[in-house]
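Residue numbers (my numbering): 907 to 1210.
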């Protein structure tokens, strides 16, 4: 009986199939193979993206070098350097601040707040562009000659600071175009009529046309300056083509951001102007004494 029970138990145990290690091994191998295939796909995608980026960088360098070599022969070097100076950040900040603190009789509150907001946008631009340049750290072109003669605060190329400021001025001007039209109607044309009424008979029907001509002339000057300044960065060899494009796009974004988020009310602007002119009013008095007490204010302006 004992032998029969042991045989039955042995047969029962032998009927139970042991776990097949092959199945676990096969699933693990399949998992590893699947991960390897996915890794190869990701690597191929990464390689393709890197190759595309390399092609873009190579084209950027070749095209920028071609523009630099051929552009210097097409434009006057002094003209290009003057554009470079006009787009310098410190120069533009100084011009905006000096225009803002001009005497009240020279500017209307609307024009004064325009230059205050432009000043704030310039400060924001210099800080933001400096941060981006130090993060990207793209060197300037190797053919960048006379770099030490230019007013530079860094040696990085991406993005172009002159391009950001040029498009910043251009976009800000067009955002304030209703204000400029109003200034032309209320202040500039009456002043011209008052000055030219003895020499030229300006008909009232011609006033809207004169306003359009004046605004379009100023817009053409601003647009031409922005295009010439951004183009000069490549021709002078200061930046690559992609640096200028990125800087131009960044300038538009900065202008829109400053227009909607950095603008202050006219009352605040006038209060700040009174504080500044009250603290530095001795400058105007000293200037008047130098010119034998002659008043430098424009009293002939038409009443606004």
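All C-beta atoms in this analysis are idealised placements derived from N, C-alpha and C, irrespective of residue type, glycine included.
These figures come from a predicted structure and were not determined experimentally.
**Report entry** Those residues which DSSP pairs with residue 1045 across a bridge
**Finding:** Taking the first residue of the chain shown as 1, we reach residue 1045 at position 139. Beta-bridge partners assigned by DSSP to residue 1045: 1062.
Query raised in the report: Candidates 1046, 1015, 1062, 1121: which alpha carbon is nearest residue 1171's?
Result: Against the chain shown, residue 1171 aligns to sequence position 265. Per the Cα distances, 1015.
**Report entry** Beta-carbon gap between residue 1143 and residue 1047 smaller than 8 Å
**Finding:** Taking the chain shown and counting its residues from 1, one reaches residue 1143 at position 237. Taking the chain shown and counting its residues from 1, one reaches residue 1047 at position 141. A distance below 8 Å separates the beta carbons of residue 1143 and residue 1047.
Query raised in the report: By Cβ distance below 8 Å, which residues in the same chain neighbour residue 936 in space, the five residues on each side in sequence not counted?
Result: Locating residue 936 in the chain shown gives position 30, where the first residue counts as 1. Confidence is the limiting factor: at residue 936 the pLDDT is only 48, short of 50, which leaves the residue's position unreliable, though a coordinate-based value still follows. For residue 936, where only same-chain residues beyond five positions count, there are no Cβ hits under 8 Å.
Query raised in the report: From this set, 997, 1148, 1161, which residue's C-alpha is nearest residue 961's C-alpha?
Result: As a working mapping, residue 961 is identified with position 55 in the chain shown. Closest by alpha carbon: 1148.
**Report entry** Three-way DSSP call (helix, strand, coil) for residue 1142 in this model
**Finding:** One-based indexing of the chain shown puts residue 1142 at position 236. Coil, per DSSP.
**Report entry** Buried or exposed (CB count within 10 angstroms, at least 16 for buried), residue 1043
**Finding:** Residue 1043 sits at position 137 when you count from the first residue of the chain shown. The residue is exposed, with fewer than 16 neighbouring Cβ atoms inside 10 Å.
Query raised in the report: Alpha carbon to alpha carbon, how far is residue 1131 from residue 1181?
Result: Translated into the one-based positions of the chain shown, residue 1131 becomes position 225. Translated into the one-based positions of the chain shown, residue 1181 becomes position 275. Note on geometry: alpha-carbon atoms of residue 1131 and residue 1181 lie some 34 Å from one another.
Query raised in the report: Can you name the start and end residues of the alpha helix (DSSP H) that residue 1169 belongs to?
Result: As a working note, residue 1169 is residue 263 in the chain shown. Unbroken run through residue 1169: none, as it is neither H nor E.
Requested in this report: For residue 995, count neighbouring C-beta atoms within 10 Å of its own C-beta (all shown protein chains included) and say buried if the count is 16 or more, exposed if not.
Outcome: Within the chain shown, numbered from 1, the residue matching residue 995 stands at position 89. A residue is called buried when at least 16 other Cβ atoms come within 10 angstroms of its Cβ; residue 995 meets this threshold and is buried.
**Report entry** Supposed contact pair residue 1179 and residue 984 - C-beta distance, whole angstroms, cut 8 Å
**Finding:** One-based indexing of the chain shown puts residue 984 at position 78. One-based indexing of the chain shown puts residue 1179 at position 273. Contact flag wrong, Cβ pair sits at about 37 Å.
Requested in this report: Please go through the segment 988-1042 and give each complete beta strand (DSSP E) segment of 3 or more residues, from N-terminal end onward.
Outcome: Listed in chain order, nothing qualifies, since the segment 988-1042 has no complete beta strand (DSSP E) run of 3 or more residues.
Report task. Report buried or exposed for residue 1028, applying the criterion of at least 16 other Cβ atoms within 10 angstroms of its Cβ. Result -> In the chain shown, the residue the question calls residue 1028 occupies position 122. Burial call: buried.
**Report entry** Terminal residues of the alpha helix (DSSP H) in which residue 1082 lies
**Finding:** Reading the chain shown from its first residue, position 176 is the one you call residue 1082. Element bounds for residue 1082: n/a, residue is neither H nor E.
Query raised in the report: Between residue 1026 and residue 1167, what straight-line distance do the alpha-carbon atoms span, to the nearest angstrom?
Result: Residue 1026 sits at position 120 when you count from the first residue of the chain shown. Residue 1167 sits at position 261 when you count from the first residue of the chain shown. In this structure, the CA atom of residue 1026 is about 11 Å from the CA atom of residue 1167.
Query raised in the report: In or out: residue 1177 buried (at least 16 other Cβ within 10 Å) or exposed?
Result: Walking along the chain shown from the start, residue 1177 turns up at place 271. So residue 1177 ends up on the exposed side.
Query raised in the report: residue 1055 to residue 1064, Cα distance in whole Å?
Result: Counted from its first residue, the chain shown places residue 1055 at position 149. Counted from its first residue, the chain shown places residue 1064 at position 158. For residue 1055, the pLDDT reaches just 46, beneath the cut-off of 50, and the residue's location in the model is therefore unreliable, leaving the point undetermined.
Query raised in the report: How close, in whole Å, do the beta carbons of residue 1036 and residue 1150 come, if the pair is a contact with beta carbons under 8 Å?
Result: Translated into the one-based positions of the chain shown, residue 1036 becomes position 130. Translated into the one-based positions of the chain shown, residue 1150 becomes position 244. About 17 Å; that fails the 8 Å criterion.
**Report entry** Straight-line Cα distance separating residue 1021 from residue 1004
**Finding:** Locating residue 1004 in the chain shown gives position 98, counting from the first residue. Locating residue 1021 in the chain shown gives position 115, counting from the first residue. Whole-angstrom Cα-Cα distance: 9 Å.
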